[in-house]
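Engineer: Using this note's numbering, the first residue of the sequence shown is number 592, and each one after it goes up by one.
The beta carbon of each residue, even a glycine, is placed where N, CA and C say it ideally should be.
Every value quoted in this text rests on a predicted model; they were computed, and no experiment measured them.
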Amino acid sequence: MAKPCIICVAITGSLPTKANNPAVPITVSEQVESTQAAFEAGATICHAHVRNDDQTPSSDPDKFARLKEGLEKHCPGMIIQFSTGGRSGAGRTRGGMLPLGPDMASLSVGSNNFPTRVYENPPDLVEWLASEMLAHEVKPEIEAFDLSHILKAAEMHRNGQIADTPYVQFVMGVKNAMPADRHVFDYYVETVKRLFGDDAAWCAAGIGARQVQLNDWAISSGGHARTGLEDNVRLDRDTLAPSNAALVRRTAEICEKYERPVATWQQAREILGLRLPA
Ligand SMILES: [Zn+2]
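Right, here's the structure in full:
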């Protein structure tokens, strides 16, 4: 049987607002409702940021706690992944929710440019975030905005700063960072296999119109796929995505095209080495 494909849905992010697409879930109850529909459509990882009521990014651990509680109730078994990205806060506030013990959290291990600023991930903060993830048994997802981030993850794994084989996500199509370049993508895959073994799991995310392209490349190359309104608010140039679930369904169709079954949450947890929920 072909390897099941894990679909991650990045429901909210830090940037898109209702003005970009009214379907972007902002409040915790909107987030839970949107995620439940995406879960029913086949997503098994929920990558989440939280927002203030005025839609600006937040790093409030209480909001993360309410979101986790809602997801556990309405999406039982789904993998909960919190963002420790840099748009919602500075320094250690980025990891203030890690003591809640989500299944996973995103971890950027190096710096790069973003559309209008530098995405700063200084070594001491990266080490601290990784140590908090170790302490609270949170599996990191390494956000590789650049080749060096994959090699950094390997070094951190060797040093015991990352417990299991690193699960790397290639992020392509962020303006001023790595574009969606097929040769680079193939070299990323080759590098992950060389460093972590042929069977190591990896995934990929594309921004904007590149989302569907990266889904296609990842699914056809044996990787896992990320979709959702955080990265892209459109189905095509003229059509807003009506929901996170609609984007998940589109990704599931690509899985079908390449004859990859969409992973159940049990399969997703097994692939990622995550415990079953209590
Ligand atoms: Zn994110």
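#1: Within the region 780-815, note down every full beta strand (DSSP E) run reaching 3 residues or more, in order along the chain.
#2: Can you check which of these residues, Pro648, Asp777, Ile597, is closest to Glu821 by C-alpha distance?
#3: Looking only at its chain, what residues have a beta carbon closer than 6 Å to the beta carbon of Ala843, apart from the 5 residues adjacent to it on each side?
#4: Taking contact to mean at least 3 C-beta pairs separated by less than 8 Å, is the region 771-785 in contact with the region 807-823?
#5: DSSP three-state call for Asp653: helix, strand or coil?
#6: Going by DSSP in three states, Glu821 sits in which element: helix, strand or coil?
#7: Taking the alpha-carbon positions, what's the Gln760 to Asn643 distance?
#8: In the DSSP assignment, find the unbroken beta strand (DSSP E) run with Gln672 in it and report its ends.
#9: Given a cut-off of 7 Å, decide if Gly701 and Lys654 are closer than it, judged by their beta-carbon atoms.
#10: Between Met688 and the rest of its own chain, which residues show a CB-CB distance below 6 Å, the 5 nearest in sequence each way excluded?
#11: Considering just the uninterrupted stretch of the alpha helix (DSSP H) at Gln858, what are its terminal residues?
#12: Going straight from the alpha carbon of Glu660 to that of Ala721, what length do you get?
#13: 7 Å is my cut-off, CB to CB: does Tyr758 come that close to chain B?
#14: Residues in its own chain within less than 8 Å of Asn712 by CB, not counting five upstream and five downstream?
#15: Confirm, please, whether the CB-CB distance from Arg840 to Ala601 is below 7 Å.
#16: Among Gly604, Gln622, Met669, Pro595, whose alpha-carbon lies nearest the alpha-carbon of His640?
#17: With distances taken between CB atoms, is the gap from Cys596 to Arg860 smaller than 7 Å?
#18: For Ser834, collect the residues of the same chain with a Cβ closer than 7 Å to its Cβ; drop the 5 residues on either side in sequence, then sort them by chain order.
#19: Give the list of continuous beta strand (DSSP E) stretches no shorter than 3 residues that lie fully inside the region 685-749.
#20: What are the partner residues of Gln760, as DSSP defines its beta bridges?
Structural biologist: According to the structure shown:
#1: 793-797
#2: Pro648
#3: Contacts found: Gly633, Val853.
#4: yes
#5: helix
#6: DSSP places Glu821 in coil when its eight states are reduced to three.
#7: 27 Å
#8: 670-673
#9: no
#10: Pro652, Phe655, Phe673
#11: 856-863
#12: 24 Å
#13: Although the question refers to chain B, the structure presented lacks it and comprises just one protein chain.
#14: If you ignore the 5 residues before and after Asn712, its C-beta comes within less than 8 Å of the C-beta of Gly677, Ser699, Val700, Gly701, Ser702, all in its own chain and listed in chain order.
#15: no
#16: Gly604
#17: no
#18: Ala614, Ser625, Ala628
#19: 695-698, 730-735
#20: Glu734, Cys794
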